[in-house]
Amino acid sequence: MCSRHSRLSPDETQQACKQVLQEVRWFRHTIQAAVQSQRRCMQEIRLYTEQQTALEDQIGEARAEAARLEDSLEESRSHKRHKIAYDEIASEANKRPARARLEAEIGEINGEIEQLVQEEASYEAVTRSLHTQYSVVVDELTKLADLSKSALNMQDLGIYLGDGEMHAEKAGFEGNLHASAGMTPATLHQPYDSHDDFGTPIDNVILDDPNASGEDRTDARSDATAAQDDVADVGMVAAEEEGEEGECGDEEDEE
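To convert a position in the sequence shown, counted from 1, into the numbering used here, add 4.
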């Protein structure tokens, strides 16, 4: 090549040098452009890599945000359901009386219950007292009934004996009539234990009743004495009637 160029003329050589230099310049320019292009590509690669990383980070953040928003949405839905249920309960509760009013009513009911319990206890005490008094009254009435029965038996006995004397006088037993007529009020009012026919019934009644007190014994004696007085009065009335009938008979005989 050199031998060929040596054959060239100076103008051709100069022209060839210019071409070589121009090609070198183009080659250098191409190399510089390639280097710059490579540098730009590397920068773009780094930029794209950074953008990819940023996009991936943004995608992760967006996914996290979506999950958070989904949780928030579910929480909001739950709150809404709870609010609806609470509103329903509140509407039902508003239909009922207030809590303070219910507590006041419960307090009043508890007070009434306590008062009723106290009244029941007092009523039980009064009932026990009345039962005790009733038992005492029943015992006293039983005693009085026994004493009255004894006194009535004694009075019936005296009336029966007085009726026997009246029948005897009506039958014509003059001895008994004179004996009755000869009796004095003092003799008629003698106690039963002074007559042999009656014995001592008062003492027997009092002794038969071990529960009789001193007042009961005194009342029994008074009742028995009154019965004797009634018997004596009946005897005297019978004697007077018999005497009047005898006088009327004598007058009729005289006529």
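Glycine included, C-beta positions come from ideal geometry on N, C-alpha and C.
Item: Contact set for R85: own chain, Cβ-Cβ below 6 Å, skip 5 residues either direction; Value: none
Item: E124 to K153 span [Cα, whole Å]; Value: 41 Å
Item: Neighbour flag for A70 against chain D, beta carbons, 7 Å; Value: Here there is only one protein chain, and chain D is not present.
Item: Classification of M158 by the beta-carbon crowding that lies within 10 angstroms, buried from 16 upward; Value: buried
Item: L134, buried or exposed, once every other Cβ within 10 Å from all chains shown has been counted against 16; Value: exposed
Item: Secondary structure of P14, DSSP reduced to three states; Value: helix
Item: Neighbour-count burial assignment, L151, 16 or more Cβ in a 10 Å radius; Value: buried
Item: Alpha carbon of E65 to alpha carbon of L106, nearest angstrom; Value: 55 Å
Item: Alpha-carbon to alpha-carbon, V24 and T53; Value: 42 Å
Item: Any non-hydrogen atom of the ligand NAD closer than 6 Å to D150 Cβ; Value: This structure simply doesn't include the ligand NAD, nor any ligand for that matter.
Item: Burial state of A155 (16 or more Cβ within 10 Å); Value: buried
Item: Euclidean distance between Cα positions of A68 and I35; Value: 48 Å
Item: Close beta carbons around L59, own chain, < 6 Å, minus the five adjacent residues each side; Value: none
Item: Cα-Cα separation, A149 to T136; Value: 20 Å
Item: Coil, strand or helix - R132 by DSSP; Value: helix
Item: Spatial distance of E16 from L51 (CA atoms); Value: 50 Å
Item: Backbone secondary structure at R105 - three-state DSSP; Value: helix
Item: Inter-residue spacing [alpha-carbon to alpha-carbon] between I113 and V141; Value: 40 Å
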